[in-house]
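A short worksheet on the structure shown next.
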Amino acid sequence: MTINTAHYWMPFTANRQFKARPRMMKSASGMYYTAEDGRQILDGTAGLWCVNAGHGHPKITDAVVRQAQTMDFAPPFQMGHAGAFDAASRLAATSPDGLNRVFFCNSGSEAVDTALKMALAYHRLRGDTLRTRLIGRERGYHGVGFGGIAVGGIAGNRKHFGPSMAGVDHLRHPLDVTRNALSRGLPEHGAEIADEFEQRLLALHDPATVAALIIEPVQGSTGVIIPPKGYLQKLRTICDKYGILLIFDEVITGFGRLGTAFAADYFGIIPDMICCAKGLTNAMVPMGAVIAKQSIHETFMDAAPENAIEFYHGYTYSGHPLACAAATAALDVYHSENLFARAASMAPAFETAAHSLRGLPYVKDIRNLGLVCGIELEPMPGKPAARAYDVFERCFWEEQVLIRTTGDIIALSPPLIINEEQIGQLFDAVGRCLRTMTT
Ligand SMILES: Cc1ncc(COP(=O)(O)O)c(C=O)c1O
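The numbers in my numbering rise by one with no breaks, and the one at position 338 of the sequence shown is 429.
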């Protein structure tokens, strides 16, 4: 079959490079894709950190098909349908204590922008009108909305869009390969980097002007940056001390990636809001959500007159019936199949396999937690990102394994249903590519 590739402007893709030799998927089931040329490809990335229960889960598929046949759409403004309320209740029941009010949107980017707007409006409704500053982190990824790129810390995502990004600042990220290389689990060194939030940023800006700190508990997209022991606890303490909201962007870490429902559960830290998406529906239908503390929701409810809209925000597809059906079914599957606990139980084998690559050519660091790992490579001289891309291409064409790379870091985050044999296949494939690399 010949596919006309001219018209589709691909997202976050080197379009010309891709179209010169397209990597096309045709179907997917469980742990595997089938490529357009018929080859089975082991999914080492859960699609894009999102198909946590594996591809095409029949219970989620059935729920979506049933919903499509019953009601395609209902307006979400001033109207409701049971599916949205059920999905919200189910999500609240999966969330950490106290986070039980759910605002639906369609993506991680929208969840982030929704949470940032909620934070700003919350302080204003309380009369704390000076609090307009938002703090993110270097190398943070919070999607591609203007709010998300403002608090995000990826230069390439920001540089063309500058003027709309005033009023934010960024913490230093805690990756420290010199001190923590080849750590298993949480790194030992670097908790003190969290102190800079208070000692540098808050000292500079005045804590009374800061509305919220948004961070990914584990930074995913910029190469799996795992927080050092005690670091996140310090950030929670500083936020509490100064009345700053703490937002966890759990678009990647949500729904079992660390072996618990959320990273908040893994670290025993309760943020004020959680942004989630991706695994929320097992990626079958796009959906995002902000899960807020009840007290935040109450502030909105108490501030507005009874007949007034309390939060001027929403999307045509907030609580879309198909997305809600997928979310409820996905949450049922996660719980009934114990997938979060399964991820925790596979994590030691995953860690052992990841660190078996230690000492291979070009391996500079390996870091892992739960079912996520980053393998950082020495770049090719003068050609940043080329080495990891080469491994990515060879994994796909020669090893029949899908991995993900960012710069010269390989990120692996398979579906939570992966077994030991498949873990072996995944890391063996990467290992072979590294061993046979010639430049
Ligand atoms: C932490 C984080 N936040 C936000 C997003 C954006 O999500 P989306 O691509 O669904 O807009 C991502 C996407 O990878 C993410 O990893």
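Just so you know, even glycine gets a beta-carbon here, dropped at the ideal spot from N, CA and C.
Per the DSSP secondary-structure output, Gln131 pairs in a beta bridge with Thr125.
In this structure, Val376 lies away from Tyr333, with their beta-carbon atoms at least 8 Å apart. Around the beta carbon of Asp188, fewer than 16 other beta carbons sit within 10 angstroms, so the residue counts as exposed.
Under the DSSP assignment, Thr496 falls in the beta strand (DSSP E) whose first and last residues are 495-497. Taking 7 Å as the cut-off, the C-beta of Asp204 does not count as close to any heavy atom of ligand 1. Sorted by chain position, residues whose beta-carbon lies closer than 6 Å to a non-hydrogen atom of ligand 1 are Ser198, Gly199, Ser200, Val203, Tyr232, His233, Gly234, Glu307, Gly311, Ser312, Asp340, Val342, Ile343, Ala368. By a beta-carbon distance limit of 8 Å, Val193 does not contact Ala374. Their separation comes to about 19 Å.
For Gly199, the CB contacts under 7 Å within the same chain, skipping 5 residues up- and downstream, are Gly234, Val342, Cys366, Ala368, Lys369, Gly379 in chain order. One Cα belongs to Ile226, the other to Glu279, and the distance between them is close to 25 Å. The criterion of a C-beta distance shorter than 8 Å is satisfied by Met122 and Gln513. Here Gln310 is buried, its C-beta having at least 16 other C-beta atoms within 10 Å. Taking a cut-off of 8 Å for Cβ pairs, the segment 404-413 and the segment 168-178 touch, as three or more such pairs fall below it. DSSP places Asp219 outside both helix and strand once states are collapsed to three, so it counts as coil.
For Met437, the enclosing alpha helix (DSSP H) begins and ends at 430-446.
Per the C-alpha coordinates, the member of Leu448, Pro505, Leu493 positioned closest to Arg526 is Leu448. Apart from sequence neighbours up to five positions away, the residues of its chain that approach Lys110 with a beta-carbon distance below 6 Å are Thr96, ordered along the chain.
Positions of the alpha helix (DSSP H) runs, each at least 4 residues long and wholly inside the segment 374-408, are given as 385-394 in order along the chain. Put simply, the backbone Cα of His388 is about 43 Å away from that of Asn106. DSSP places Ser120 in the uninterrupted beta strand (DSSP E) bounded by 116-120.
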